[in-house]
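Numbering (the UniProt record's numbering), first residue to last: 1 to 559. Written out below as structure tokens is the structure these notes cover.
Structure below.
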């Protein structure tokens with residue numbers, strides 16, 4: 001009897017071949033019995049089974065004669081070769097009849113099928129787990145810099161605690177000392193008998209709120225360009241509508257219309273101290289609300305330095321980096337709108353009131369023009385603030401809220417208010433060099449800032465082709481030539497020169513009118529130090545190389 005082929009094309013044909021083999025064995029045994037001889041042990045045929053398992057179906061076809069060699073993510077082929085040959089003598093003795101032998105073979109094949117199915121399921125589960133199961137996400141832990149070993153500024157929690165009280169006191173002390181044409185630091189101001197009535201009233205609070213929300217409406221109007229901020233650590237970029245210059249023009253036109261229609265705009269000057277208190281109360285209330293709301297935001301939205309865990313320090317610095325109400329970014333809005341534009345509006349109201357009284361000093365007009373140009377420049381280049389430390393690093397807390405809404409408008413307007421009340425007049429030969437000094441300061445300030453902004457946007461601009469730059473590991477370049485080769489902060493130098501020219505319009509008879517340039521010098525030196533630390537962390541050895549090439553910080557050949 002001829003042995004069967006080693007591979008079969010289908011399960012049906014294999015079963016038919018098995019039945020024919022069994023029938024031939026019955027004929028052989030009957031012949032042996034008739035001849036009186038025992039039948040010889042017939043060799044067991046080799047059985048080769050190929051089981052093919054695919055990921056897309058549960059059918060297990062019989063041998064195909066080929067062993068797949070490619071395994072992909074979509075299809076997995078498992079080939080199991082089962083070869084049974086020369087069944088042992090013990091198995092032959094146990095299987096006396098061909099029927100039992102066939103049953104034994106079927107049992108063996110069934111076990112092999114079960115084993116193949118088990119291996120198939122195991123392999124499938126392993127592949128699915130490798131393909132679809134993402135690695136477990138680790139729970140974010142507080143960063144070492146903010147939780148385990150926080151980096152404090154302003155002398156830490158103790159220093160910020162005193163600043164929370166010192167800053168409002170400074171605003172009240174200087175403005176109450178410098179009034180009615182007298183501005184001596186040696187005189188102790190006498191407090192009024194009715195302190196509450198002198199410094200607070202509901203009408204003034206309503207005027208301040210009306211001004212604040214008027215600027216909110218202007219900021220939300222679909223006027224002006226939309227810019228993207230710096231990349232956030234939480235991913236993406238925030239969008240900012242920059243229409244501050246538009247808001248300034250509308251505000252000045254509104255003031256002109258109010259004067260034309262005889263509205264009592266001079267009440268702003270009469271209620272100066274009450275409006276100042278309204279700004280202080282509002283900024284403190286806003287700071288409290290910002291701190292409370294920051295407790296419920298995603299930790300990724302917190303400022304790098306305002307998440308130390310210390311309530312006082314975080315309240316002062318600001319916890320949330322970019323608090324928003326809808327599309328209104330509160331920090332970006334307060335930075336340049338209500339306080340900065342309000343400062344210029346108060347200056348021009350003082351000029352108008354001086355005009356009404358019949359005495360309009362030229363130095364009052366000059367300092368008002370200086371400050372208006374300064375504010376207009378900041379709002380015209382409003383998008384440049386998106387790369388400053390205030391926006392990308394500091395949170396929005398008491399420091400910025402109080403500074404933007406109370407400190408700036410009610411201390412920076414000190415020189416115009418003094419000139420309006422004192423009626424001090426300087427001759428033209430004094431005003432001419434002051435105007436020239438302010439022009440020099442503004443030129444340095446504007447050209448250095450424009451060069452920096454243009455280099456940030458496109459370092460490959462032909463304008464910088466012949467200038468020296470230092471590449472950094474962060475992918476950016478440091479400009480070593482031009483204004484930024486003169487000193488590290490030429491824009492600060494121009495800012496300080498302008499601040500000095502403003503105070504020179506008040507003469508030399510009092511020191512308090514020079515508070516602004518003195519304070520600004522301390523502020524910019526401290527800010528330069530903070531910026532130095534940030535750049536050193538960010539740029540490493542490249543920043544050290546830049547500092548070697550440009551050793552002077554703000555004042556060339558001096559500091």
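Cβ atoms here follow ideal geometry from the backbone N, Cα and C, with glycine treated the same way.
Check whether residue i and residue j have beta carbons under 9 Å apart
i           : j           : result
residue 343 : residue 260 : no
residue 361 : residue 423 : yes
residue 538 : residue 474 : yes
residue 219 : residue 381 : no
residue 200 : residue 325 : no
residue 492 : residue 554 : yes
residue 317 : residue 395 : yes
residue 327 : residue 398 : no
residue 212 : residue 338 : yes
residue 291 : residue 150 : no
residue 501 : residue 441 : yes
residue 153 : residue 305 : yes
residue 373 : residue 252 : no
residue 530 : residue 389 : yes
residue 414 : residue 512 : yes
residue 285 : residue 323 : no
residue 520 : residue 438 : no
CB-CB length for residue i against residue j, believed under 8 Å
i           : j           : result
residue 363 : residue 505 : 4 Å
residue 561 : residue 391 : Since the first and last residues shown for the chain are 1 and 559, residue 561 lies out of range.
residue 245 : residue 379 : 4 Å
residue 494 : residue 445 : 3 Å
residue 478 : residue 542 : 6 Å
residue 310 : residue 157 : 5 Å
residue 279 : residue 406 : 4 Å
residue 375 : residue 340 : 5 Å
residue 243 : residue 221 : 7 Å
Residue range of the beta strand (DSSP E) that includes residue i
i           : result
residue 470 : 469-471
residue 430 : Where residue 430 is concerned, there is no enclosing beta strand (DSSP E), although the alpha helix (DSSP H) it sits in stretches over 428-457.
residue 228 : 225-228
residue 478 : 477-479
residue 179 : Taken as a continuous stretch (DSSP letters only), residue 179 belongs to no beta strand (DSSP E), as it is neither H nor E.
residue 240 : 239-242
Residue environment, residue i, which counts as buried when at least 16 other CB atoms sit within 10 Å
i           : result
residue 181 : exposed
residue 350 : buried
residue 88  : The predicted position of residue 88 is uncertain, since its pLDDT is 45 and thus under 50; no value can be drawn from it.
residue 347 : buried
residue 247 : buried
residue 367 : buried
residue 471 : exposed
residue 234 : exposed
residue 262 : exposed
residue 508 : exposed
residue 365 : buried
residue 118 : exposed
residue 558 : exposed
residue 296 : exposed
residue 499 : buried
Residue from the options whose Cα sits closest to the Cα of residue i
i           : options          : result
residue 302 : 490, 321 and 427 : 321
residue 416 : 199, 394 and 175 : 175
residue 277 : 170, 460 and 367 : 170
residue 185 : 193, 556 and 510 : 510
residue 273 : 202, 311 and 214 : 202
residue 484 : 438, 386 and 549 : 549
residue 177 : 270, 188 and 167 : 188
residue 329 : 530, 449 and 240 : 240
residue 227 : 385, 420 and 429 : 385
residue 409 : 269, 353 and 166 : 269
residue 289 : 265, 319 and 271 : 319
residue 208 : 340, 443 and 275 : 275
residue 164 : 258, 179 and 283 : 283
residue 266 : 389, 355 and 114 : 355
residue 387 : 454, 294 and 461 : 454
Residue i: first and last residue of the uninterrupted alpha helix (DSSP H) it sits in
i           : result
residue 420 : 414-422
residue 552 : Neither: residue 552 is in no alpha helix (DSSP H) and is coded neither H nor E.
residue 563 : In the structure as shown, the chain begins at 1 and stops at 559. Residue 563 is therefore absent and cannot be evaluated.
residue 349 : 338-357
residue 526 : 515-539
residue 560 : Not covered by the structure: residue 560. The range shown for the chain is 1 to 559.
residue 204 : 202-220
residue 363 : 362-380
residue 313 : 311-317
residue 391 : 389-392
residue 198 : 195-199
residue 483 : 483-486
residue 567 : Given that the chain is displayed from residue 1 to residue 559, the structure contains no residue 567 and the question cannot be resolved.
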